[in-house]
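Here's the structure we're looking at; comments come further down.
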Amino acid sequence: MENLKLYTHEFFMTAGECTPQKEMPLPLLVSRLIEVATEHANIWGVGYAKLKELNQAWVLSRVTIEMTGYPRVNESYTIRTWVEGYNRYFSQRNFEIVNSNGDTLGYARTIWLVIDSEKREMVDISNLSYVISNIYDKDCPIEPQSRLKPLVEGRVRQHRFLYTDTDINCHVNSVRYVEALLNQWDLEHYDKYMVKRFEIAYVKECYGECGYEVTVNEDEELDAKLEISKLVGDGRYEINCRARIVFENR
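Position one of the sequence shown corresponds to residue 34 (the numbering used here), numbered consecutively onward.
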C-alpha cells in the first residue's frame, strides 16, 4: 500500500534538454510533474484511458514550485509524488525533486480537478475510494500558492499560440503557458538569476491560432506578477492565467 501512495520515477538530464546554464528548464520540470502524476493515476486505475470512458478528464488548475537548484546536465534525478488531501472538487498532489546524491532540490504543490468533457463542468470527487485510501502523510515544506490578484498595469507583449502549442484536447498545452511567461526576459537575465519560485493559476483555456497578450508587472525587485489574457471585444479582456515568478541571484 505504501508503494501505491508514494510514487517515484528516476530521470536522466541530457544535454539536449538543458538550458544555456546547463540545467533543467522550468517548462521541462512542469512537464515531468504532469508525466509522473499521470503515471501514478494510471497505477490507481484512474488515468486518461479510464476517465475517458466516463467522458471525464483530469485538469491541472494550479502549480507552485520552489527550488534551491535544478538538475544539471548528465545527472540523474528523481521525482516523488503523493496526494496530500482533497475536497469535493480539488485534489492536492505534491512533489519532491531529488538529485543523484539524495539531496532535495525543491518541492512542488499542484491542484487538480476532474471535469465532464462534454458539459465542461467540475465533477464531485469526494466519494472516490482511491482518493480516500491513498492520502499520504509526507511533508511538503513550501508555502501554498499566494493569492494572485488581477494586474492593473505592466509592460505588454503580444503572443500567439500555434499548432505545436496545442494538446490532445485542442487546447494550449499547460507547459506552453510556462514557456510564454519565461520568454518575457532575455538570456542575460537568466545568466544572472534563477527562478526560485514559480506560481501559475490556470483560469480559462487558451486555443491555438489565437492572439493573446502577456502582461508583466515587476512591482517588486525580482518578484514579477504576470497574466496571459485575450481581448474579447468592447475593451474587455478574458484572463487565461495568472502567475508569479520570484528570481534569485545565481
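We put the CB at the ideal spot given by N, CA and C, even for glycine. Just so it is clear, the structure is predicted and the values come from calculations on it, not from any experiment.
(message) Using a 10 Å radius around the Cβ and a threshold of 16 neighbouring Cβ atoms, would you call E99 buried or exposed?
(response) Buried, because 16 or more other Cβ atoms sit within 10 Å of the Cβ of E99.
(request) Answer yes if the segment 267-283 comes into contact with the segment 132-152, meaning at least three C-beta pairs across the two stretches below 8 Å, and no otherwise. (result) They do not touch, by the three-pair rule.
(message) Looking only at its chain, what residues have a beta carbon closer than 7 Å to the beta carbon of Q191, apart from the 5 residues adjacent to it on each side?
(response) The residues are G244, E246.
(message) Could you check whether the segment 218-238 touches the segment 74-91, counting it as contact only if at least three pairs of C-beta atoms, one from each stretch, sit closer than 8 Å?
(response) By the Cβ test, the segment 218-238 is not in contact with the segment 74-91, since fewer than three Cβ pairs between them sit closer than 8 Å.
(request) Please list the segments of the beta strand (DSSP E) lying wholly inside the segment 97-170, counting only runs of 3 or more residues, in order along the chain. (result) Taken in chain order, the complete beta strand (DSSP E) segments of 3 or more residues contained in the segment 97-170 are 109-119, 124-132, 137-149.
(request) Inspect the beta-carbon positions of S94 and I144 and report whether they are closer than 7 Å. (result) Yes; because the gap between Cβ atoms is below 7 Å, this pair is in contact.
(message) Mapping the DSSP letters down to three states, classify E176 as helix, strand or coil.
(response) In the displayed model, E176 falls within coil according to three-state DSSP, outside both helix and strand.
(message) Classify Y140: buried if its beta carbon has 16 or more other beta carbons within 10 angstroms, exposed otherwise.
(response) By the neighbour-count criterion, in which 16 or more other beta carbons inside 10 Å mark a residue as buried, Y140 falls on the buried side.
(request) Return the Cβ separation of R6 and P177 in integer angstroms, given the expectation that the two are a contact with Cβ distance under 8 Å. (result) Missing from the structure shown is residue 6; the chain here goes from 34 to 283 and no further.
(request) Rounded to whole angstroms, what's the CA-CA distance from M57 to N75? Just pull it up for me. (result) Whole-angstrom Cα-Cα distance: 26 Å.
(request) Just grab the DSSP bridge partners of W91 for me. (result) DSSP output for W91 lists V147 as bridge partner(s).
(request) Kindly indicate which three-state DSSP category M34 falls into: helix, strand or coil? (result) Low confidence applies to M34: its pLDDT is 44, below 50, so where it sits in the model is not reliable enough to give any reading.
(message) I'd like to know whether the C-beta atoms of L184 and E260 end up nearer to each other than 7 Å.
(response) In this structure, the beta-carbon distance from L184 to E260 falls below 7 Å.
(request) Give the range of the alpha helix (DSSP H) segment to which E68 is assigned. (result) Residues 59-76.
(message) Please report the distance separating the alpha-carbon of L61 from that of K152.
(response) Those two C-alpha atoms are separated by around 31 Å.
(request) May I ask which residues mark the beginning and end of the beta strand (DSSP E) holding K258? (result) Counting along the chain, the beta strand (DSSP E) containing K258 begins and ends at 256-266.
(request) Classify I112 as buried or exposed, calling it buried when 16 or more other Cβ atoms lie within 10 Å of its own Cβ. (result) By the 10 Å Cβ count, I112 comes out buried.
(message) Quick check: what's the CA-CA separation for C173 versus L215?
(response) C173 and L215: Cα-Cα distance of roughly 25 Å.
(message) Using only the alpha-carbon positions, how far apart do V116 and K171 sit?
(response) The straight-line gap from Cα to Cα measures roughly 9 Å.
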